[in-house]
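Notes to accompany the following structure.
See below:
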């Protein structure tokens, strides 16, 4: 007459029953491994999937001889192949095998046509790289522009927009470089303002002499719930480098008593971490946060272990960049520099 599967989603314990005229026969029971959860709601971004679970699909990975396959909570195979790497995230499934990547949405519909070399998942979309181009794809497999704003903010979450200013301050007839941090909430109302002296930088940072340091923000730091590290471009002797300054959270305020001058002004001091030595003609950072080092007419990607020299390089998507090297064009993923 048919099988009846009873289960408890909280414990993942299931019992298989066979309904009968006189009684129900207990065929067996099974404890299914705790599945991972993937939420999928197009165009609403990761905030939706993390805070408001909806349309959940439960998947688990099974390994066989060093390869992986996707299973459902009833141990049924969901994808037709085994993969060297299998990733599901934010509504997409990526299966990598033999230098190719298959792209599926959360409904197990294949989106690529076999031409994808690499892919990275973003909120509500995936960026893909083929032999000829790189582009963004939505959950239907359609080409789309980059979704720059996804999700929504919770009411009264205390979100603030931070502004960072690199300036100088006169203290007892000395000029000290400093970073001013301003936080704005409620349509421009300034809620917080603080100043941090840069203790490892020259006392006269904006002088004309080539021996002195010239300071500037490498780029505007991204907005966030808390203050973010600030990258400062340092130019000295005609060469540029980068130092990182970590802005402490305001709720752990501690006055710096070791430096009397700063303590008198109630200003804290920061010591930077050298990210890029002052050896390059020019250092720039693009909108994706990638730092490029210009030297002798060539361009290098900061963090690239191969230290490859490019004639030109620019972003096509957030991760995939098109380059020219020795007259030849190609693509790399800045996540792997391959």
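Residue numbers (the numbering used here): 11 to 348. C-beta: ideal position from N, C-alpha, C; glycine also.
Across which residues does DSSP place residue i in a beta bridge pair?
i	result
residue 226	243
residue 130	137
residue 103	98, 114
residue 189	176, 206
residue 295	301
residue 144	139
residue 10	Nothing can be reported for residue 10: it is not among the residues displayed for the chain, which extend from 11 to 348.
residue 84	Answer is none; residue 84 lacks a bridge partner.
residue 73	78
residue 93	78
residue 311	302
residue 278	206
residue 286	252
residue 154	146
residue 340	333
residue 211	According to DSSP, residue 211 bridges with nothing at all.
Do the CB positions of residue i and residue j come within less than 8 Å of each other?
i	j	result
residue 341	residue 335	no
residue 131	residue 139	no
residue 280	residue 330	no
residue 114	residue 133	no
residue 176	residue 227	yes
residue 312	residue 301	yes
residue 91	residue 105	yes
residue 210	residue 191	no
residue 307	residue 242	no
residue 96	residue 71	yes
residue 252	residue 286	yes
residue 121	residue 147	yes
residue 258	residue 174	no
residue 255	residue 208	yes
residue 319	residue 298	no
residue 116	residue 327	no
With a 10 Å radius around its C-beta and 16 neighbouring C-beta atoms as the bar for buried, classify residue i as buried or exposed.
i	result
residue 338	exposed
residue 291	exposed
residue 248	exposed
residue 152	exposed
residue 250	buried
residue 129	buried
residue 149	buried
residue 87	exposed
residue 223	buried
residue 108	exposed
residue 155	exposed
residue 118	exposed
residue 289	exposed
residue 41	Note on residue 41: pLDDT 47, under 50, position unreliable in the model; the coordinate value appears next. With fewer than 16 other Cβ atoms within 10 Å, it is exposed.
residue 101	buried
residue 84	exposed
residue 237	buried
residue 315	exposed
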